[in-house]
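Peer 1: Below are the structure tokens for one structure; questions will follow.
Numbering (full-length UniProt numbering), first residue to last: 1 to 403.
Written out as structure tokens, the structure is:
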């Protein structure tokens, strides 16, 4: 009798456990009947694990899911996820605005099909018709830059598209307050990833982060789309998102560096001029390089008597300011010119030249040049002893002659 009672109790517990497990299932029974593996991934991975991740709130996950379903025309799945979205805190007006927004990004047919499914949920929950509110103002500088890009890149070829983009898409839709700027960017990103349109993703991902979406949320949104639009679409979006992160990092570093004043102290360790680029004893001190977007750089260069550079050119030219001593400078095909303290010498871009101390006296000058693609100089062959010796006949100008 005791054994029978124990067996009944175990059976009851087993039945209760099975019922509890069944109640936790999201996948319909047909899934377990036809594709049990899909049932496992649906209940244990998608909803049992991924939807529980903290990198994106349940509300945001619902926005991303609805956006993906609408954008890809999966209207049959919209209703269940609208119910989940409402339970996760998405407001009815926000649901309607997501559908409205995606009419522009995935087409009117997808939006109208979604409306019919959303209406069933609203009727079921007795949600009153949604009303529109007053417009919000977008950030003026960003909008001006965006408008200029449209006018430059689209207006000459498709004037009507440019007009509608500026006047309706950003002049009206993006200013509707029923969806915050952050959320509007979030659903736009989701739709673009789902549609396989990475070319447009960079602009909207950066715009989303400007509006408050974090990098973790951006990456999680792309990952979330993988479950609803497929892994290939999400994987194609990753390089674009990485470039956005790197570009924003560079811009942030540039802005920070641009605000920092630098003093190159005179105690800086001197560097000897490389033998392949200089003849004689040459010492470089106080070398500096501007932080991007600045391209300027320079150094103080001390030449012993008879020391000089090899032939070279500068992509954006070079300026020399003679600090002390006497020097010579020559452009290819021209005479050797004398330099004295206080003289400023300008060598135009891509002009082959050399400069250094006179044969009888050392010279110090401060050299300034700008870089193109990270390079500010192209070195060539050394000046032959015979060519350098011709400098001894250079006319030594007096200050009065230079006035």
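Every residue gets a Cβ at the ideal spot worked out from N, C-alpha and C, and that includes glycine.
Roughly how many angstroms separate the alpha carbons of residue 326 and residue 361, rounded to a whole number?
Peer 2: 6 Å
Peer 1: In whole angstroms, give me the CA-to-CA distance for residue 217 and residue 103.
Peer 2: 24 Å
Peer 1: Could you give the DSSP three-state label for residue 66: helix, strand or coil?
Peer 2: helix
Peer 1: In angstroms, rounded to a whole number, what distance separates the CA positions of residue 75 and residue 195?
Peer 2: 15 Å
Peer 1: Less than 6 Å between C-beta atoms, sequence neighbours within five positions excluded: which residues of the same chain meet that for residue 295?
Peer 2: Within the same chain, residue 295 has close Cβ partners 370 and 371.
Peer 1: In whole angstroms, what separates the C-alpha of residue 339 from that of residue 320?
Peer 2: 10 Å
Peer 1: Assign residue 337 to one of three DSSP states: helix, strand, or coil.
Peer 2: strand
Peer 1: Helix, strand or coil for residue 264? Go by DSSP, reduced to three states.
Peer 2: coil
Peer 1: Would you report the Cα separation of residue 59 and residue 53, rounded to the nearest angstrom?
Peer 2: Going from the Cα of residue 59 to the Cα of residue 53 covers about 12 Å.
Peer 1: Does the contact criterion of 3 or more C-beta pairs under 8 Å hold for the stretch 299-317 versus the stretch 281-291?
Peer 2: Yes, the stretch 299-317 touches the stretch 281-291.
Peer 1: Using the Cα positions of residue 160 and residue 101, report the straight-line distance between them to the nearest angstrom.
Peer 2: Inter-residue distance for residue 160 and residue 101 is about 20 Å (C-alpha atoms, whole angstroms).
Peer 1: Given that a residue counts as buried once 16 or more other Cβ atoms are within 10 Å of its Cβ, and exposed if not, what is residue 92?
Peer 2: buried
Peer 1: Does DSSP classify residue 185 as helix, strand or coil?
Peer 2: helix
Peer 1: Quick check: residue 236 and residue 314, are their CB atoms within less than 8 Å of each other?
Peer 2: no
Peer 1: Can you tell me whether residue 330 is helix, strand or coil according to DSSP?
Peer 2: strand
Peer 1: Would the stretch 158-177 count as touching the stretch 114-129 if we require 3 or more Cβ pairs under 8 Å?
Peer 2: no
Peer 1: Could you check the C-alpha separation between residue 329 and residue 359 for me, to the nearest Å?
Peer 2: Taking the Cα positions, residue 329 is about 12 Å away from residue 359.
Peer 1: Note down the Cα distance separating residue 204 from residue 190, rounded to an integer number of angstroms.
Peer 2: 10 Å
Peer 1: Within 10 Å of its beta-carbon, does residue 67 have 16 or more other beta-carbons around it, so buried, or fewer, so exposed?
Peer 2: Looking at its Cβ environment, which holds 16 or more other Cβ atoms inside 10 Å, residue 67 is buried.
Peer 1: Give me, in chain order, the residues of the same chain whose beta-carbon lies closer than 7 Å to that of residue 21; leave out the 5 immediate sequence neighbours on both sides.
Peer 2: Note that residue 21 scores a pLDDT of 47, beneath 50, so its modelled location is shaky; the value from the coordinates is reported in the next line. Correct list: empty, nothing qualifies.
Peer 1: Tell me which residues share the same chain as residue 143 and place their Cβ nearer than 8 Å to its Cβ, disregarding the 5 neighbours each side in the sequence.
Peer 2: 170
Peer 1: Going straight from the alpha carbon of residue 382 to that of residue 352, what length do you get?
Peer 2: 12 Å
Peer 1: Can you give me the Cβ contacts of residue 185 inside the same chain, cut-off strictly under 7 Å, excluding the 5 residues immediately before and after it?
Peer 2: 204, 207, 208, 211 and 213
Peer 1: Identify every residue that forms a DSSP beta bridge with residue 363.
Peer 2: Answer is 303 and 325, bridged to residue 363.
Peer 1: Quick check on DSSP: helix, strand or coil for residue 236?
Peer 2: Three-state result, residue 236: helix.
Peer 1: Can you name the residues that DSSP bridges to residue 241?
Peer 2: For residue 241, which the question treats as bridged, DSSP gives no partner whatsoever.
Peer 1: Could you tell me which of 228, 245 and 363 sits nearest to residue 42, measuring between CA atoms?
Peer 2: 228
Peer 1: For the beta strand (DSSP E) containing residue 112, name the first residue and the last one.
Peer 2: No beta strand (DSSP E) holds residue 112; the alpha helix (DSSP H) holding it covers 108-124.
Peer 1: For residue 399, collect the residues of the same chain with a Cβ closer than 6 Å to its Cβ; drop the 5 residues on either side in sequence, then sort them by chain order.
Peer 2: Because residue 399 carries a pLDDT of 44, less than 50, the predicted location of this residue cannot be relied on, and the following value inherits that uncertainty. So the list is empty, once near-sequence residues are dropped.
Peer 1: DSSP has residue 318 in a bridge; who is on the other side?
Peer 2: 347 and 369
Peer 1: Is residue 357 helix, strand or coil by DSSP?
Peer 2: strand
Peer 1: What did DSSP end up calling residue 131 once you bin it into helix, strand or coil?
Peer 2: coil
Peer 1: What do you get for residue 343, buried or exposed, if any count of 16 or more other CB atoms within 10 angstroms of its CB means buried?
Peer 2: buried
Peer 1: Excluding the 5 residues preceding and the 5 following residue 95 in the sequence, name in chain order all residues of the same chain whose CB lies nearer than 8 Å to its CB.
Peer 2: 66, 82, 85, 86 and 118
Peer 1: With respect to the beta strand (DSSP E) encompassing residue 289, which residues constitute its N-terminal and C-terminal limits?
Peer 2: 282-289
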